[in-house]
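Using our numbering, the letters of the sequence shown map in sequence onto residues 6 to 258. By construction, the Cβ of each residue, glycine as well, lies at the ideal position given by its N, Cα and C atoms. Report on the structure given below.
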Amino acid sequence: MNIFITGVSRGLGKELAVHYTGTGHRVFGFSRSALDFNDGDIKKLKESAGFAYYKGSINESSDVKTAVDEALKFMGGIDVLINNAAYKLFKPPDEITEDEYGESIRTNLTSQILVCSAVMPHLLKAKSGKIINLSSNAGMTHYGDGTAYCSSKAGLIAYSLSLADYLKDKNVSVNVISPPTFSTGDYRKTSPGINHGKLVQSESVIKIIDYIIFNKKFITGRNFPVFKLKTLIKYAFLKHIEFIDYFFQLRLK
Ligand SMILES: NC(=O)c1ccc[n+]([C@@H]2O[C@H](COP(=O)([O-])OP(=O)(O)OC[C@H]3O[C@@H](n4cnc5c(N)ncnc54)[C@H](OP(=O)(O)O)[C@@H]3O)[C@@H](O)[C@H]2O)c1
Numbered sequence: 006m007n008i009f010i011t012g013v014s015r016g017l018g019k020e021l022a023v024h025y026t027g028t029g030h031r032v033f034g035f036s037r038s039a040l041d042f043n044d045g046d047i048k049k050l051k052e053s054a055g056f057a058y059y060k061g062s063i064n065e066s067s068d069v070k071t072a073v074d075e076a077l078k079f080m081g082g083i084d085v086l087i088n089n090a091a092y093k094l095f096k097p098p099d100e101i102t103e104d105e106y107g108e109s110i111r112t113n114l115t116s117q118i119l120v121c122s123a124v125m126p127h128l129l130k131a132k133s134g135k136i137i138n139l140s141s142n143a144g145m146t147h148y149g150d151g152t153a154y155c156s157s158k159a160g161l162i163a164y165s166l167s168l169a170d171y172l173k174d175k176n177v178s179v180n181v182i183s184p185p186t187f188s189t190g191d192y193r194k195t196s197p198g199i200n201h202g203k204l205v206q207s208e209s210v211i212k213i214i215d216y217i218i219f220n221k222k223f224i225t226g227r228n229f230p231v232f233k234l235k236t237l238i239k240y241a242f243l244k245h246i247e248f249i250d251y252f253f254q255l256r257l258k
């Protein structure tokens, strides 16, 4: 498989790149930082003939175009697009500046759309392909200091499911994954004080991505939430209230 992944310099994106190059697939990565080849995982990527990357921002349309062109040159085609890059901003809404809101919506929503739009013509031409977008539990539930992040991730779910509907008869699938806070190798290094054993592990998220990529069935238009029980209860409660509100509105008519 030829897999294009955004945000490979650290976290889940880096682990996905290591996982797929290590299992014989070709990976083209795209992130702003130069990859740190002193990092053991990234060293593995450097040594793999199946990996190349472009240093640029998904927020720049010229970078997106160049990255897609370079990916096509390196891999000969794109079978899977994993939109993983994100800007995680958590702050009280009255402290978030206009620029920060702009960057959050731009990175987590508008630029994800831009990358999908740049890759889509190649998938349509090949008459097959898979798009997997990384949203978050935050796009389905709400947090007071998550106004920027939650709204951008909720938008990404709505966009992904709408695009799936548009592409459903064209053999191009679109799915979205909405995990809760999960632990990655890098997160364990940068935040050793957190009890990582209590968190969902990045391996569980990778398993879902594997499930979508390698399933023989055409899976599309699905949001995989990877809920923890506490979030599931909160989400079920919110949906329950919406349901009650719906019947209440019927009574008002
Ligand atoms: N970790 C969690 O607990 C969690 C929970 C739910 C959902 N998610 C979602 O899962 C995905 C991966 O999370 P993560 O924790 O691994 O993220 P992360 O550690 O913050 O890494 C984000 C990646 O995105 C890249 N990136 C950011 N802005 C970019 C831009 N403008 N252009 C290109 N690349 C950019 C970063 O690289 P550069 O800075 O080098 O560009 C980095 O490689 C994200 O979509 C996140 O929202 C994460």
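When you compare the CB positions of residue i and residue j, do they come within less than 8 Å of one another, or not?
i	j	result
Ser140	Ile162	yes
Ser178	Phe223	yes
Tyr58	Phe33	yes
Ile63	Phe9	no
Pro2	Met145	Because residue 2 is not part of the residues shown, which for the chain are 6 to 258, the question remains open.
Ala90	Thr112	yes
Leu114	Tyr164	yes
Met80	Asn7	yes
Thr11	Ser38	no
Val69	Val120	yes
Gly226	Ala159	no
Considering only DSSP beta bridges, list what residue i is partnered with.
i	result
Arg37	Per DSSP, none; premise fails for Arg37.
Lys60	Ser36
Thr11	Phe35
Val210	Bridge partners of Val210: none, in fact.
Within a Cβ cutoff of 6 Å, which residues of the same chain sit near residue i, ignoring the five residues on either side of it in sequence?
i	result
Thr152	Pro98
Compute the beta-carbon to beta-carbon distance between residue i and residue j, rounded to the nearest angstrom, for a pair I have assumed lies under 8 Å.
i	j	result
Leu17	Thr189	6 Å
Lys51	Phe42	5 Å
Ile218	Val85	6 Å
Is there a Cβ of chain C sitting closer than 8 Å to that of residue i, yes or no?
i	result
Val181	The chain inventory of the structure shown lacks chain C, comprising one protein chain alone.
Excluding the five sequence neighbours on either side, which residues of its own chain have a C-beta within less than 7 Å of the C-beta of residue i, listed in chain order?
i	result
Glu108	Tyr92
Ile116	It should be pointed out that residue 116 corresponds to Ser in this sequence rather than to Ile. Ile63 and Asn64.
Pro184	Ser141, Asn142, Val205, Val210 and Val231
Leu129	Lys175 and Val177
Val23	Asp46, Lys49 and Leu50
Leaving out five residues on either side along the sequence, give the residues of the same chain with a beta carbon under 8 Å from the beta carbon of residue i.
i	result
His201	Ser188, Tyr192 and Arg193
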